[in-house]
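Residue 44 is where the sequence shown starts when you use my numbering, and the numbers rise one by one after that. Cβ coordinates follow ideal geometry from the N, Cα and C atoms, glycine included. As the structure is a prediction and not an experimental result, all values here were calculated from the model. Notes follow once the structure below has been shown.
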Amino acid sequence: VELFKFHGEDVTEDKDGGVIRRIVTKGGGHCKPTEGTTVQVTVEGMFGGGAFDRRELSFVIGYGESLGLPAGVETAIMSMEEGEESVFTLTPKYGFGKAGNAEFHVPPDAALQYRIKLSEFEKARESWQMNMAEKLEESSAAKEKGARFFKEGKYRLAVVQYKRILAWLAHESDRSEPHGKEVRALRLAVRLNLAVCYLKMQEPAQAAENCNTACFAMGEFERALNDFQRLLQLYPENRAARAQVALCQRRVKEQHEKDKRLYASLFRKCSDRDIKKEGLKDEKEEEEASRATDVENGGRDQKAA
Numbered sequence: 044v045e046l047f048k049f050h051g052e053d054v055t056e057d058k059d060g061g062v063i064r065r066i067v068t069k070g071g072g073h074c075k076p077t078e079g080t081t082v083q084v085t086v087e088g089m090f091g092g093g094a095f096d097r098r099e100l101s102f103v104i105g106y107g108e109s110l111g112l113p114a115g116v117e118t119a120i121m122s123m124e125e126g127e128e129s130v131f132t133l134t135p136k137y138g139f140g141k142a143g144n145a146e147f148h149v150p151p152d153a154a155l156q157y158r159i160k161l162s163e164f165e166k167a168r169e170s171w172q173m174n175m176a177e178k179l180e181e182s183s184a185a186k187e188k189g190a191r192f193f194k195e196g197k198y199r200l201a202v203v204q205y206k207r208i209l210a211w212l213a214h215e216s217d218r219s220e221p222h223g224k225e226v227r228a229l230r231l232a233v234r235l236n237l238a239v240c241y242l243k244m245q246e247p248a249q250a251a252e253n254c255n256t257a258c259f260a261m262g263e264f265e266r267a268l269n270d271f272q273r274l275l276q277l278y279p280e281n282r283a284a285r286a287q288v289a290l291c292q293r294r295v296k297e298q299h300e301k302d303k304r305l306y307a308s309l310f311r312k313c314s315d316r317d318i319k320k321e322g323l324k325d326e327k328e329e330e331e332a333s334r335a336t337d338v339e340n341g342g343r344d345q346k347a348a
């Protein structure tokens, strides 16, 4: 416990040490903000021993970039409980990255600290609170927002919109009528859009994962396998890519077995049909031969008479 307090808690999804939390004042409740939640916060950004940003803000999680907040701040807020105050350390990846921030006089590749207090928040409607028509309507609107953010070069904001769509449709079948085809097409488009966004954000592993999920959806397992194998050549220690290679290999093998069964079944059907045709042909020839014999015998009988 003492070791945990000293080192802080990694609150990133990938547990890569990019956002470390040290709690100053504990919050209450078990509910935490998610993407789409409206939050009221006080933030203080620090670098090099001085503060560069002090503000009280009310905004929707997913739109922090438009307010000059680095991605790590939203990651931090989504780990907090209402009333909590914590200090977060952000690596450059979760801060302003290689670009830095000219407005705040933060240089490129700077590690940052943010002191954040989450005063209150109001969660957006969850997937289970919407019917299918509402989910598709919200998804269509989010897709348009994502496309607009992408055109503006706001790739992280676009990613937020596309992720919301996947969350809304997470438990919907793409085989059920009457919306199955629409759900399948929407998921496929979103995965491909996410792949392009992550490429623009210099995150090849995430790009490959989304691209190959799309390939899986189309049944193109061998293409996905090739992509992940190339990714492993670039990043040999990437466990996620290694796991995906194993999954792809299993799917390719399953597909080959399925194809073999299909071809075997078709071969049997063709063989049975040919045998049946041959049998009918033999019967027909025998019948014709029999008729010819009867006619010949009949002619002989008439001559004898």
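So what does residue i bridge to, in DSSP terms?
i	result
glycine 93	Phe90
lysine 160	Thr85 and Glu128
valine 149	Asn144
glycine 133	The amino acid occupying residue 133 in the given sequence is leucine; glycine does not appear at that position. Val62 and Leu155.
aspartate 53	Ile63
threonine 68	Glu128
glutamate 165	Thr81
Whole angstroms are fine: how far does the CA of residue j sit from the CA of residue i?
i	j	result
lysine 188	methionine 121	22 Å
glycine 91	glutamate 127	25 Å
glutamate 300	leucine 231	26 Å
glutamine 204	glutamate 181	10 Å
aspartate 57	valine 82	24 Å
valine 130	tyrosine 157	6 Å
leucine 161	lysine 197	25 Å
alanine 185	glycine 143	29 Å
valine 103	glycine 70	20 Å
threonine 134	methionine 89	13 Å
glycine 111	arginine 293	45 Å
phenylalanine 192	leucine 290	33 Å
glutamate 146	proline 113	13 Å
isoleucine 66	lysine 136	22 Å
glutamate 99	valine 149	20 Å
phenylalanine 164	aspartate 59	27 Å
glycine 51	threonine 132	9 Å
glutamate 225	leucine 209	13 Å
leucine 155	lysine 206	26 Å
serine 183	alanine 190	11 Å
alanine 20	asparagine 255	Since the first residue shown for the chain is 44 and the last is 348, residue 20 is missing from the structure and cannot be characterised.
glycine 140	valine 233	26 Å
methionine 244	histidine 222	33 Å
serine 170	threonine 80	13 Å
asparagine 269	proline 279	15 Å
serine 101	alanine 153	26 Å
serine 109	serine 308	58 Å
glutamate 297	arginine 285	19 Å
glutamate 246	proline 151	18 Å
List the whole-angstrom C-beta distance separating residue i from residue j, where the pair is believed to meet the contact cut-off of C-beta under 8 Å.
i	j	result
valine 86	valine 62	Between valine 62 and valine 86 the Cβ distance is about 14 Å, and since that is not below 8 Å, they are no contact.
leucine 200	lysine 178	Contact flag wrong, Cβ pair sits at about 21 Å.
glutamine 287	glutamate 252	7 Å
leucine 242	alanine 248	Wrong, their Cβ atoms sit about 11 Å apart, outside the cutoff.
glutamate 78	glycine 105	5 Å
lysine 75	glutamate 124	6 Å
isoleucine 159	valine 84	6 Å
leucine 235	valine 202	Leucine 235 to valine 202, Cβ: 13 Å. No contact.
Under the rule that 16 or more other beta-carbon atoms within 10 Å means buried, what is residue i, buried or exposed?
i	result
asparagine 174	exposed
threonine 118	buried
arginine 304	exposed
threonine 68	exposed
glycine 72	exposed
cysteine 240	buried
aspartate 96	buried
glycine 138	buried
lysine 194	exposed
alanine 94	exposed
arginine 27	Look at the range of the chain in this structure, 44 to 348, and you will see that residue 27 is not part of it.
arginine 273	exposed
glutamate 215	buried
alanine 176	exposed
arginine 282	exposed
glutamate 45	With a pLDDT of only 37 at glutamate 45, under the threshold of 50, the placement of this residue in the model should not be trusted, and no figure is reported.
Using 7 Å as the limit for Cβ to Cβ distance, is residue i near chain D?
i	result
serine 182	Reference to chain D is not applicable here, since this structure consists of a single protein chain.
Exercise for the section: Scan the region 94–121 and note each continuous beta strand (DSSP E) run of 3 residues or more that stays entirely inside, going in chain order. Expected result: none
Practice task
Tell me the start and end of each unbroken alpha helix (DSSP H) in the region 212–259 that is at least 4 residues and wholly inside, in chain order.
Solution key: 223–243
Exercise for the section: Identify every run of the beta strand (DSSP E) within the region 167–212, keeping only runs that are complete inside it and at least 3 residues long; order them along the chain. Expected result: none
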